[in-house]
Amino acid sequence: MRFLIGILIFTVFSQMDAAQSGKPLNIWVFSSLSEHELNSYPGFLERHITKGLKNQSRLEQINSMALGKLSAFANVKIKHRATLSDFYNTILDPSINGIFWIGHSASADVRGLGSTGAILDYNNEDISSLLPLAGKGLLWLSIVGCNAKPLIDDMLSRGAFTQASKYLRINSYGQKIELNRALARSIEEAYFHLLAANQYLSYIGHDQPTEETNTYLIKRTAGNRKLKAGKILVNDQVKLIFDKAKPFETQTFVVNISKTISNPVFQVHFQSVDSTTSENGRLEIESLDIPLKVAPILGPDGNLIGQNINIYIAN
């Protein structure tokens, strides 16, 4: 009994201490719900993060208190109508320590043979291929959507999160969920995990050894049609997301690739949309650190092979 009381006292004082010490964490809460669903739950996330609002249900009060506790040692921001680009830019940001993604997931049964499911953004684009980009700064990732757990479990079993911190915890659900209850549970679990992780990392220091990389400059130029959205994968990992662009516009990006990959293969995927109004654009990839030439695979006619997927190889 004395031992249990000792643990309880230590936990209480640890929680009081954590709110006052350590580096503040940064948390993003993304919602990809449809307009109809947003209208059905007006301001539901804002209520979860603001204490003391009137006309809250008991469950909403629980969520508000939980996120309010997170706010004691974290900066929490909310983004509705979240897209693949929003998630990509956030999961790559080393200053972000927690992400909640609230939206729909599609099971393998729905997506078809060979699929482990999908996690959908506001535009019904699948963001699941971006999850392994989680870096050393991310300590909490919560997917609040139905049937996302089999997909996450499959990734974990394949060792997909090679770049992630060993302190990262991923929270998801393997069945249909009721939004408010699932969110309340996720917030509460995040609170205790982030509280402990932040205390420990504040004690040992947040600095982690960084991987040595080579830098590549990628330029995409449009003709007289709009540029399609797309992405670039290297060794089956997403390295870059292309947004749509206007006619005659040029997009420029910098991508860092591990030095352990001496001859990277760039897989360029474009959205399947009407080619009479949109195009892939002219793509140039240049190595800035080592004398490599990056060239596309061409067919016998000298044109790129593939309509929506092109391959570029560094030699």
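Be aware that the sequence shown starts at 0, since it is given in numbering that gives the first Met the number 0, and climbs by one per residue. Glycine included, each C-beta is placed from N, C-alpha and C at the ideal position.
Excluding five sequence positions before and after Phe-99, the CB atoms of its chain that fall closer than 6 Å to its own CB belong to Val-28, Ser-141, given in chain order. At the C-beta level, Leu-287 and Leu-216 come within 7 Å of one another. In chain order, Trp-27, Phe-29, Ile-95, Ile-98 place their CB closer than 8 Å to the CB of Thr-89, counting only its own chain and leaving out the 5 sequence neighbours on each side. By the Cβ-count criterion, Ser-261 is exposed, with fewer than 16 other Cβ atoms from all chains shown falling within 10 Å of its own Cβ.
Fully contained in the segment 137-217 are the following alpha helix (DSSP H) runs of length 4 or more, in chain order: 148-156, 178-203. Here the alpha carbons of Ile-176 and Ile-118 stand approximately 15 Å from one another. Here Val-237 is not near Lys-243, since their CB atoms are 7 Å or more apart. With fewer than 16 other beta carbons inside 10 angstroms of its own, Asn-255 counts as exposed.
Contact between the segment 163-176 and the segment 132-141 is established, with three or more Cβ pairs separated by less than 8 Å.
Residue environment for Phe-191: exposed (fewer than 16 other C-beta atoms within 10 angstroms of its C-beta). Here the C-alpha atom of Ser-128 lies approximately 23 Å from the C-alpha atom of Glu-278.
By the criterion of a C-beta distance shorter than 7 Å, Ala-228 is surrounded in its chain by Phe-241, Asp-242, Lys-243, Gln-270, once the five residues flanking it on both sides are discounted.
Here His-268 is bridged, per DSSP, to Lys-230, Ile-308. Per DSSP, Gly-222 has no beta-bridge partner at all. Excluding the 5 residues flanking it on each side, Tyr-172 has same chain C-beta neighbours closer than 8 Å at Ile-142, Val-143, Gly-144, Cys-145, Asn-146, Ala-147, Lys-148, Ala-181, in chain order.
DSSP places Ser-84 within a helical segment (H, G or I) once states are collapsed to three.
Within the same chain, Thr-249, Gly-280, Arg-281 come within 7 Å of Thr-220 by CB-CB distance, once the 5 residues on both sides are set aside.
Residue environment analysis places Gly-116 among the buried positions, since at least 16 neighbouring C-beta atoms fall within 10 angstroms of its C-beta. Burial check for Thr-251: the Cβ neighbour count within 10 Å stays below 16, so the residue is exposed.
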